[in-house]
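Asks: Residue numbers (numbering that gives the first Met the number 0), protein chains in the order written: chain A, 0 to 392; chain B, 0 to 392.
Mind looking over this structure? Questions follow.
There are 2 protein chains.
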Amino acid sequence: MTHSFYPPQRTLMGPGPSDVSARVLGALARPTIGHLDPKFLQLMDEIKVLLQFAFQTQNALTLPISAPGSAGMEACFVNLVAPGDKVIVCQNGVFGGRMKENVERCGGTAVLVEDPWGEPVSVHKVEAAFDAHPDTAMLAFVHAETSTGVRSDVAALCALATHRGALSIVDAVTSLGGIEVSVDKWGVDAMYSGTQKCLSCVPGMSPITFSERAVERINRRQHKVQSWFLDMQLVMGYWGGASKRAYHHTAPINNLYALHEALVMLEEEGLDAAQARHLHNHRALVAGLEAMGLTMAVAPQFRLPQLNSVLIPQGVDDAALRTALLDEFDLEIGAGLGALAGKTWRIGLMGCASCERNVAYCLTALEAILQRQGAAIMTGRALNAARAVFNAQ
Amino acid sequence: MTHSFYPPQRTLMGPGPSDVSARVLGALARPTIGHLDPKFLQLMDEIKVLLQFAFQTQNALTLPISAPGSAGMEACFVNLVAPGDKVIVCQNGVFGGRMKENVERCGGTAVLVEDPWGEPVSVHKVEAAFDAHPDTAMLAFVHAETSTGVRSDVAALCALATHRGALSIVDAVTSLGGIEVSVDKWGVDAMYSGTQKCLSCVPGMSPITFSERAVERINRRQHKVQSWFLDMQLVMGYWGGASKRAYHHTAPINNLYALHEALVMLEEEGLDAAQARHLHNHRALVAGLEAMGLTMAVAPQFRLPQLNSVLIPQGVDDAALRTALLDEFDLEIGAGLGALAGKTWRIGLMGCASCERNVAYCLTALEAILQRQGAAIMTGRALNAARAVFNAQ
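Okay, structure coming up:
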């Protein structure tokens, strides 16, 4: 006989999932109701409005896809890219490569614009790519690269796309709720996110928003969308409002309770306050890490406050350190991904996990293990360096 | 400001979701851990073994897709159907039509075998379709049609497919956990289910299993699978075991806690006992409905015990009755779907919702509202008729 599973209580400071608050977990466990229940329709309507708030948009087509962020990414590409379309895809980390895969599986052609891992997307290179490929239909890039901890300039890139007559597809999986995301102000045409990062909700859903221009493109399609599950015309019919609601799939009811609660919490705190909190805790963490003698992997102006890439000091056993953090401190931090595997750690301060307690806890635990491994760090300074940032608040 | 959402406590006797037990809701709300956490890998391994038990299979490729049943359906088709493939699709309700859509969006050709809604798939018609299309690569059909409450003969249909050198794709969304599902004994090649029916878990995941023959076909593909998210070679890499585990997407951690708990409960009860319970409560419900003078929509030998289609008596206001059940009794039953809209109700007795209390509650509530609407029913008999079945146990 298999036994029930009781997970340990971790502190989640990796690249996501982040700590989920008791309030959101409580919402998750409320009694399941039917997905055609009038009360559930009311919940869906509220979630759409809350997501418009989070994305800072008036886009009517704003809703959560009933699957993780990678399905949200795919929803953007399968609905917007038709066979033969040319898409400029910016790659400065893992997730740009995934976008290229998506374009090609839709029968499109990807024009790659590559930047080094750890640097933002170069607007100049994208401009040159548009010059070389004036028939480009779309520009796709990642706002906050989860693999490197780098922020790119959405406003400049979307303005460029619009100026060149192209639509923009933006990955905001790690940015939404942690740093500014202004879909309407920036002129984003399609954006997808995840629930398990700065929204601090459980993983499994992907908030998504499409501009009117994007919806027009979907409505003008000549070919059926290759995915039935992600066909936005069908998904729209399901989320479209009580009067014209058509059954498509069974929504993940309880997950949506949790997402609603997480968004209510974001509304209560306010977007500006949430962003200021992420920035503040980031500065304290960096002060502490640098006081220890560690080096950040990303230049200050491009750093994501919610995902901090740190260079692993020479002679440190990466895997052994992360295992010790997990086993002794119940603390998860992230390994480097792809080209950065073994070279960086990724310390998340996302959503609920972005708090003074976690900054202090992580610095303390990290220092203890590094010291034990004999790493050349300065001990006894980190916590007060972080404290100084907190007190300067 | 938006307020937190507190759903009513419903009794869920529609076509799904079904009532979720407090035990499963409790598991759902356990603290979130990382999807690369060693404890989570252990959970994934246990879930695979528990799903093999539920499906009655030794198939190595048995896991839950991180999205609802309609994505599980799509996972079967996008991985197995290549452009130009011919697929016999059996349609005797809503979900066969959805299979046809899937085949066509994969570039395949669907050969439709149609049976009236409310009747099972005709093995003879399928045989004739194979005769007319000897180059058929696959046979796809629904085991338990959720739109009509009808069971088809998986053993006979899969034997026929195998004999004709075709693979079989079977929809078990509503059957798994409620009636016999014997993947290996029946020679099924690909089967998908949902979590929110007879497993009585929250909606949002799709258990799936592929035979060795099906995996060989996937491994021999010449074209990339059109969906990145549902590409089983990538999904397999993620679920494949600790040593060779490759990041694909972030699993819906908390949902998987709940699925694990629901499967542990199924293992504790035993498959035979769970099926006997579904049958027993079904018989009691039918006895009660017939004592009231109502007529079942499906012939006895094809009825699903977990989904009971009842003809709506003449002169009854379908929508008003269901609204009254919901508003006055917090009781959800299902409307007819597609061709049966306005003609039938669908009363679910799925998973946890298949219990004596629910049978009695539904009969009582239904009788009260029908009586008030002036329907020509016999009152005061239903509960004792159901009771007689319970007592004969």
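We treat Cβ as the ideally placed atom computed from N, Cα and C, and that holds for glycine.
Values in this document were obtained by computation on a predicted structure and should not be read as measured data.
Going by beta carbon distance, what residues of the same chain come within less than 6 Å of Phe389/B, once the five residues before and after it are set aside?
Replies: Ala283, Glu355
Asks: Starting from Pro63/B, find everything on chain A with Cβ-Cβ shorter than 7 Å and list it in chain order.
Replies: Those within 7 Å of Pro63/B in chain A number zero; the least Cβ separation is about 11 Å.
Asks: Could you pull out every residue in the same chain whose Cβ sits closer than 7 Å to the Cβ of Leu42/A, ignoring the five residues on either side in sequence?
Replies: Leu255, His259
Asks: Val224/B by DSSP, collapsed to three states: which one?
Replies: Coil.
Asks: Apart from the five residues on each side of it in sequence, which residues of its chain come closer than 6 Å, Cβ to Cβ, to Gly71/A?
Replies: Ile64, Tyr191, Ser205, Ile207.
Asks: Mind checking whether Leu365/B and Asn357/B have CB atoms under 9 Å apart?
Replies: no
Asks: Compare the C-beta of Tyr5/A with all C-beta atoms of chain B and state if any pair is closer than 9 Å.
Replies: Answer yes: the Cβ-Cβ gap between Tyr5/A and chain B drops below 9 Å somewhere.
Asks: Run down chain A in chain order and give the residues with a C-beta less than 9 Å from the C-beta of Ile32/B.
Replies: Pro6, Pro7, Gln8, Arg9, Leu11, Pro16, Glu331
Asks: Run down chain A in chain order and give the residues with a C-beta less than 7 Å from the C-beta of Asn101/B.
Replies: Trp227
Asks: Does the beta-carbon of Arg371/B have 16 or more other beta-carbons within 10 angstroms, so that it is buried, or is it exposed?
Replies: exposed
Asks: What's the gap between the Cα of Met377/B and the Cα of Pro299/B?
Replies: Going by the C-alpha atoms only, they are around 22 Å apart.
Asks: Note down, in chain order, each residue of its chain lying with its Cβ closer than 6 Å to the Cβ of Gly292/B, except the 5 sequence neighbours on either side.
Replies: Its chain contains Ile376, Met377 as the residues whose beta carbon lies nearer than 6 Å to that of Gly292/B, once the 5 sequence neighbours on both sides are disregarded; these appear in chain order.
Asks: Of all the CB atoms in chain B, is at least one closer than 9 Å to the CB of Gln195/A?
Replies: Judged by the 9 Å Cβ criterion, Gln195/A is in contact with chain B.
Asks: Report yes if the CB atom of Phe301/B is closer than 9 Å to the CB atom of Arg150/B, and no otherwise.
Replies: yes
Asks: Identify, in the order they occur along the chain, each residue of the same chain with its Cβ nearer than 6 Å to the Cβ of Ala241/B, setting aside the five sequence neighbours on each side.
Replies: Low confidence applies to Ala241/B: its pLDDT is 48, below 50, so where it sits in the model is not reliable, and the reading given next is rough at best. Closer than 6 Å at the Cβ level, and outside the excluded window around Ala241/B, lie Leu40.
Asks: For Thr343/A, which beta-bridge partners are listed by DSSP?
Replies: Leu310/A
Asks: Give a yes or no on whether the minimum CB-CB distance between Ala241/A and chain B is below 9 Å.
Replies: Caution applies to Ala241/A, whose pLDDT of 48 falls short of 50 and renders its modelled position unreliable; the model cannot decide the point.
Asks: Does Gln392/B come out as helix, strand or coil in the three-state DSSP assignment?
Replies: coil
Asks: Return yes when the Cβ of Gly148/B is within less than 9 Å of the Cβ of Gly193/B, no when it is not.
Replies: Contact: no.
Asks: What three-state label does DSSP hand Ala160/A in the structure shown?
Replies: helix
Asks: Is it buried or exposed for Arg104/B, if we count other Cβ within 10 angstroms and need 16 for buried?
Replies: buried
Asks: Determine, using beta-carbon pairs with one atom in the region 301–311 of chain A and one in the region 169–184 of chain A, whether at least three such pairs fall under 8 Å.
Replies: yes
Asks: Could you run through the region 251–264 of chain A and flag, in chain order, every residue whose CB is less than 7 Å away from some CB of chain B?
Replies: Pro251, Ile252, Asn253, Asn254, Tyr256, His259, Glu260, Val263
Asks: Contact defined as beta carbons within less than 8 Å: I believe Val19/A pairs with Cys200/A. What is the distance between those atoms, to the nearest angstrom?
Replies: 7 Å
Asks: Figure out for me which residue from Pro7/A, Asp316/A, Glu266/A has the closest Cα to the Cα of Thr343/A.
Replies: Asp316/A
Asks: Going by DSSP, what residues sit across from Gln395/A in a beta bridge?
Replies: Residue coverage of chain A in this structure runs from 0 to 392, which leaves residue 395/A outside it and unanswerable.
Asks: Are Ile252/A and Pro16/B touching if we call contact CB-CB under 9 Å?
Replies: Closer than 9 Å, so yes.
Asks: Scan the region 248–315 of chain A and note each continuous alpha helix (DSSP H) run of 4 residues or more that stays entirely inside, going in chain order.
Replies: Note on the region 248–315 of chain A: whole alpha helix (DSSP H) runs with a minimum of 4 residues are 252–268, 270–290, in chain order.
Asks: Between the alpha carbons of Ala81/B and Asp134/B, how many angstroms are there, rounded?
Replies: Rounded to the nearest whole angstrom, the CA to CA distance from Ala81/B to Asp134/B is 14 Å.
Asks: Cutting at 7 Å between CB atoms, please list the residues of its own chain near Ala273/A, excluding the five before and the five after it.
Replies: Gly176, Leu265
Asks: So with Cβ pairs under 9 Å, would you call Val201/B a contact of chain A?
Replies: yes
Asks: Can His142/A and Asp170/A be called in contact, C-beta distance under 9 Å?
Replies: yes
Asks: Counting only beta-carbon atoms, is Cys105/A nearer than 9 Å to chain B?
Replies: It does: the Cβ of Cys105/A has a partner Cβ on chain B nearer than 9 Å.
Asks: Relative to the alpha-carbon of Ile346/B, which residue among Ala385/B, Val285/B, Gly314/B, Ala338/B has its alpha-carbon at the smallest distance?
Replies: Per the Cα distances, Val285/B.
Asks: Counting only runs of 3+ residues fully inside the region 98–157 of chain B, write out the beta strand (DSSP E) ranges in chain order.
Replies: 108–113, 137–141
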